[in-house]
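Colleague: In this note's numbering, the protein residues as written are 86 to 307.
Please read through the structure below; I'll follow up with questions.
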Amino acid sequence: MAMIEMKDIVKIYNKGDANAFEALRGVSLTIESGEMVAIVGKSGAGKSTLLHIIACIDSYDEGEYYLDRELIRGRSDRELAEIRNEKLGLVMQDYALVDDFTAIENVLLPLDFARKRVKGRRKQAEEALAAVSMEEFRDKPVKKLSGGQKQRVAIARAIVNHPGMLLADEPTGALDSDTSAGIMKLLKDLNRKGMTIVIITHDMEVADLCSRKIEIGDGRLL
Ligand SMILES: Nc1ncnc2c1ncn2[C@@H]1O[C@H](COP(=O)(O)OP(=O)(O)O)[C@@H](O)[C@H]1O
Ligand SMILES: [Mg+2]
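See below:
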């Protein structure tokens with residue numbers, strides 16, 4: 086079975102209310118392990134909604150979603166958090182870093198769940214920072230870093246638990262084109278090492294660097 090198997094996924098925000106809105110209208114999607122996929126589409130098309138369901142951050146109303154052979158349905162928040170922590174790395178749209186923390190403190194955050202010795206955790210975080218070429222900024226507060234450097238720290242935090250899949254919502258959206266190219270090179274390198282990667286993007290240059298493009302419009306795949 087593939088890394089991601091979705092069948093007829095429907096997502097309704099504010100279900101049952103007067104302002105109920107069907108953001109996904111029957112999405113079926115397969116992503117194989119080792120792929121690097123771009124999800125493209127206009128603003129409001131449903132890209133983030135789809136990514137949040139893939140990431141087990143949000144639930145769906147109809148259909149079936151299997152992540153790495155596990156049916157993601159009717160799970161408790163705690164179970165979902167465990168699945169995320171074990172299988173997924175997430176890079177959210179606004180980096181979602183703790184600005185007053187240093188780079189390594191941010192990368193250490195997902196490791197607090199794992200019952201591991203402090204020394205082992207530091208080593209693991211240092212390796213993740215080295216993987217994104219940010220080891221020399223280890224002890225710098227994140228608020229003193231540039232946008233591209235923050236994105237590298239966010240990627241280090243996402244990969245520190247060695248997930249099989251990395252999900253990124255507009256990872257280059259706030260970056261200039263040179264910095265964006267550096268981030269894409271980094272993501273490509275991770276993909277070459279075997280990580281499945283799913284990226285939401287508006288940028289066709291970014292999408293063209295992926296091995297497949299999935300286009301979404303008005304809650305449906307086109
Ligand atoms: N929490 C929410 N409550 C109600 N409607 C939402 C919510 N989140 C997103 N939407 C709506 O669902 C649609 C898809 O949103 P989104 O997935 O964020 O699109 P995209 O990421 O492609 O811009 C939009 O019309 C948006 O207004
Ligand atoms: Mg979005």
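Each residue gets a CB set at the ideal place from its N, CA and C atoms; glycine is no exception.
Grouping DSSP H, G and I as helix and E and B as strand, with all else coil, what is Leu-251?
Modeller: Correct three-state label for Leu-251: strand.
Colleague: Per DSSP, which residues does Tyr-150 bridge with? Please list them.
Modeller: Answer is Met-91, bridged to Tyr-150.
Colleague: Is it true that the CB of Ala-210 sits closer than 8 Å to the CB of Val-245?
Modeller: In contact: Val-245 and Ala-210 (Cβ atoms closer than 8 Å).
Colleague: Identify every run of the beta strand (DSSP E) within the region 151–197, keeping only runs that are complete inside it and at least 3 residues long; order them along the chain.
Modeller: The qualifying runs are 173–176.
Colleague: Run through DSSP, which three-state label would Gly-126 get?
Modeller: It is coil, neither helix nor strand.
Colleague: Does DSSP classify Arg-121 as helix, strand or coil?
Modeller: Note that residue 121 is Met in the sequence shown here, rather than Arg. Strand, per DSSP.
Colleague: Look up Val-112 in the DSSP assignment and give the residues it is bridged to.
Modeller: Looking at the DSSP assignment, Val-112 forms a beta bridge with Ile-94.
Colleague: Residues bridged to Leu-306 by DSSP?
Modeller: Leu-306 is bridged to Ile-301.
Colleague: Quick one: is His-247 buried, meaning 16 or more other Cβ sit within 10 Å of its Cβ, or exposed?
Modeller: Label assigned to His-247: exposed.
Colleague: Considering Val-238, what are the terminal residues of the beta strand (DSSP E) in which it resides?
Modeller: Note, Val-238: premise wrong, no beta strand (DSSP E); alpha helix (DSSP H) at 232–244.
Colleague: Would you mind stating whether Val-291 and Val-122 have Cβ atoms separated by less than 8 Å?
Modeller: Contact flag unset, no.
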